[in-house]
Every structure is written in C-alpha cells, then in structure tokens.
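**Q** The structure is given below, and queries will be raised subsequently.
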C-alpha cells in the first residue's frame, strides 16, 4: 500500500479508558479510509461478508469476523452498506489503558504477548468468534467499571487460545516517520486540554516548531482535515458527550465545549450529527429509558 495512512483521533467517553462503538450498517466513517491509530482495536462483525485489508494483508471474511488490530497497524474499515452484517462492535484502547506497568505483572504476561501478536493483525476462528462475539456485544449494556472488568476477561480468553491466524508475516512498518506520531500526539494532547478557548494557529505551530504555513500543510496531509476542522470536531464530540451524560442546559453545553456563539454551535452540531442539540438529547434519553 503506497498511500500514507491517516491518523485517526480517538476519544473514550467520560469516565472510561475504552472507546466502544456499535456501528450501524454503513455508518463507519473510516471504513473506506486507509488509517491508523495508537490504540489497539478489536472488531466483532456479526454476520455478513466483506474484505480485510490490514497492513500488507488482504483477504475476505464470510458470516462475520473477529479481528484484533495492534497499535499503529494501518487498516481499512470492514463494513459498509454492502456487507450485510447485523452490527459491528469496535473496542479501542491504548496498550497502557490500565497504567504504564500494569501488563508487566507476571499474571498479565499472556495478555502482553497477545498485544505483541496483534501488531501483525489477528483473525480469530469461528469457535472463538462464536464464544467471544456475544461477550463483546454485551459490553454495550454495561457500566464503565463493568466494561473494564469484562474487557480484561475477554483479553484473557483471547490470550489463551491458539485458534487464530496472524495476518502479516511480520510487523508492518508504518509509512509515517516516527517523529510524526510524536508530533501529532503533542498537537492532540494540547487540543484536548485547551479546546474550550481559542487556539491560534501561531500558538499550535510553535508547539511543534513549525511555521504556520508549514503546519497547515502538514496537519492536512496527516489527518485529511484542517486544524480548524479538527478543533471544531473535537468540540462537537465533547458537546455530544455533555448532552448525553451531563444535566446541563444546551446553552451551557455550547460554552463549555468551546463555542462562543450559540447560533453557530446549533448549526455546526446539526451539520455534524444530523440532529439539533435538543433532538440529540431527546433521542439519547429515549434510548436510555427504553
């Protein structure tokens, strides 16, 4: 694959170390995008058929799939409107999601070895998929603490089976230079701390020792979007979390998310989610209460 992969920014929900998402058919925006992320990813596809393109490996699955993709391993998404799957549940987490040295413990060595194997891409066979798949779907119904405990148990089970296939014969070397990930980490970390205020292009450019013009070109090449688009999307994701998890007025959500114009916030939120903030909160409440 000659095209350089785009770095995907991943933000776990409030109070969680994991990002767990249930993609409806054709809703995975990254399905057609060659991308990577510092987080590991486990994807359970319930039924359907499609293509796996992970690292240098290309193959096809039928009647669902269970895939473990290691940190920074480039890949395409696995489902779209033609896959015919019932659902796709994706779990994403940093390797140190339980602390920098947790998986150095003797009891955790099998899971640590699993993480290493996952850097080549792993597909688990039918018996494991049938056993683990429902457990992954079950995470959607649990609290953050219960999700964490259940996910650790899922990792233990995956680490103890040899019923899998490695998809790449060796670890895939990213086309991106090592300093790119470090530089983007600086940018993302700064935005995550400062997004509630105006971030000047000169300020963020200086953080990574680049001119404004060079930074703008670099950021768009690496992420597929402008820095302004990225910051606004970060704010909108934060707003959606506040609307679903906090008892704040929509006006308070607007300003707490870094917007200083309520009309602009409403327009941007609807363009981003397809719903107004009030409709988004109402529909989320209906789902929770049902």
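Numbering (my numbering), first residue to last: 81 to 370.
For every residue, glycine included, the Cβ atom is placed at its ideal position computed from N, Cα and C.
Does the Cβ of residue 325 have 16 or more other Cβ atoms within 10 Å, making it buried, or fewer, making it exposed?
**A** By the 10 Å Cβ count, residue 325 comes out exposed.
**Q** To the nearest angstrom, how far is it from the Cα of residue 151 to the Cα of residue 363?
**A** Each residue's alpha carbon lies about 34 Å from the other.
**Q** Taking 8 Å as the threshold, find out whether the region 182-190 comes into contact with the region 210-227 through three or more Cβ pairs.
**A** With a cut-off of 8 Å, the region 210-227 and the region 182-190 do not count as touching, because too few Cβ pairs lie within range.
**Q** In angstroms with no decimal places, state the Cα-to-Cα distance between residue 195 and residue 343.
**A** Cα to Cα, the separation comes out at about 46 Å.
**Q** Please go through the same chain and pick out, in chain order, the residues whose beta-carbon is closer than 8 Å to the beta-carbon of residue 239, but skip the five residues on each side of it.
**A** Around residue 239: 190, 191, 193 and 194.
**Q** Between the Cα of residue 244 and the Cα atoms of 277, 100, 209 and 113, which residue gives the shortest distance?
**A** Closest by alpha carbon: 209.
**Q** Measure the Cβ-Cβ separation of residue 117 and residue 88 and say whether it is below 8 Å.
**A** It is a contact, given that the beta carbons lie within the stated cut-off.
**Q** Can you pull the DSSP bridge partners for residue 142?
**A** DSSP, once it has assigned bridges, lists 129 as partnering residue 142.
**Q** Would you kindly work out how many angstroms separate the C-alpha atoms of residue 367 and residue 282, rounded to a whole number?
**A** Summary for residue 367: the model assigns pLDDT 49, below 50, so the residue's position carries little reliability, and this model does not support an answer.
**Q** Can you tell me which of 315, 231, 131 and 268 puts its alpha carbon nearest to the alpha carbon of residue 213?
**A** Closest option to residue 213, Cα to Cα, is 231.
**Q** Please confirm whether residue 102 and residue 128 have their CB atoms less than 8 Å apart.
**A** In this structure, residue 128 does not lie closer than 8 Å to residue 102 by Cβ.
**Q** Among 319, 315, 317 and 264, which residue has its Cα nearest to the Cα of residue 304?
**A** The shortest Cα separation from residue 304 among 319, 315, 317 and 264 belongs to 264.
**Q** Report the CB separation of residue 201 from residue 137 in whole angstroms; it is logged as a contact under 8 Å.
**A** At roughly 6 Å, the Cβ-Cβ gap stays under 8 Å, so residue 201 and residue 137 are in contact.
**Q** Output needed for residue 266: all residues of its chain with C-beta closer than 7 Å, excluding positions within five of it in sequence on either side, in chain order.
**A** Within the same chain, residue 266 has close Cβ partners 287 and 288.
**Q** Within the continuous alpha helix (DSSP H) that includes residue 208, where are the two ends?
**A** Its alpha helix (DSSP H) spans residues 206-218.
**Q** Could you check whether residue 163 and residue 135 sit closer than 8 Å to each other, using their CB atoms as the reference points?
**A** Cβ atoms of residue 135 and residue 163: not closer than 8 Å.
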